[in-house]
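Here's the structure, in structure tokens; my notes come after.
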Amino acid sequence: MALLKILQYPDRRLHTLAEPVTEVTDAIRRLAADMAETMYTAPGVGLAATQVDRHIRMIVIDVSEKKDDLKVYINPEILERDGEVCHEEGCLSVPGIYEKVSRAEHVRIRAQNAEGQLFEQEAHSLLATCLQHEIDHLHGRVFVEYLSRLKQDRIRNKLLKQQRETM
Ligand code: NI
């Protein structure tokens, strides 16, 4: 397995629209394993392929306390959403920034697992937020884009400054 480089906001590649996965191959499974290792090492609770500059519809999530419940979602789709909840979100592509975002409290999704089998899942609360956040990445959307223009500008400037300093 290998650690992958995570794109940092405001990198334009984070706005790329991901392509569907047509066949779940060993190469896809390897990428999922590398993404999981990258997510656990960071550490984070979710990672989208977009964030590691691979523009295919795949995300990995583990919201468990013991970090022993890895879920791979290939071609995830939100079938239903209802309710509203506001969690503080962070993102491995936007380090050090945590902001409240309003999202559906409950979602039902359909996806394929790492074996290519189709499944449906109901998710609430933190997992629902996480799924919506990661699926947004596949549409080229980063969570800070839900914030006011002023906040977005502040975050962008702060991160650009950090990136210059660490270069
Ligand atoms: Ni993110």
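Numbering of the sequence shown is given in the numbering used here, commencing with residue 1345 and proceeding in unit increments.
Yeah, the Cβ is synthetic: ideal placement off N, Cα and C, and Gly gets one too.
Closest Cα partner of K1300 within the set Y1384, A1458 and S1437:
Any property of residue 1300 remains undetermined from this structure, which presents the chain solely from 1345 to 1511.
Whole angstroms is fine: what's the gap from D1378's alpha carbon to D1426's? Numbered from 1 along the sequence shown, position 34 holds the residue referred to as residue 1378. Numbered from 1 along the sequence shown, position 82 holds the residue referred to as residue 1426. If you take the alpha carbons of D1378 and D1426, they lie about 33 Å apart.
Do you know how far the Cα of R1454 is from the Cα of Q1461? By one-based count along the sequence shown, residue 1461 stands at place 117. By one-based count along the sequence shown, residue 1454 stands at place 110. In a straight line, the C-alpha of Q1461 is about 10 Å away from that of R1454.
Q) Mapping DSSP to helix, strand and coil, what is S1469? A) Translated into the one-based positions of the sequence shown, residue 1469 becomes position 125. It is helical.
Next item on the list: Take the Cβ of K1415 as the centre, count every other Cβ of all protein chains shown within 10 Å, and call the residue buried at 16 or more, exposed below.
Entry: Residue 1415 sits at position 71 when you count from the first residue of the sequence shown. Its Cβ being crowded by 16 or more others within 10 Å, K1415 is buried.
Pair every Cβ in the region 1441-1455 with every Cβ in the region 1359-1372, then say whether three or more of these pairs are closer than 8 Å. These segments do not touch.
Next item on the list: Check each candidate in A1472, L1351 and L1436 and name the one with the smallest Cα separation from E1428.
Entry: If you number the sequence shown from 1, residue 1428 lands on position 84. If we check each option's Cα against that of E1428, A1472 comes out closest.
query: Of all the options L1491, H1431 and K1502, which has the alpha carbon lying nearest to the alpha carbon of L1475?
result: Counting from one through the sequence shown, the residue named residue 1475 turns up at place 131. Answer by Cα proximity: H1431.
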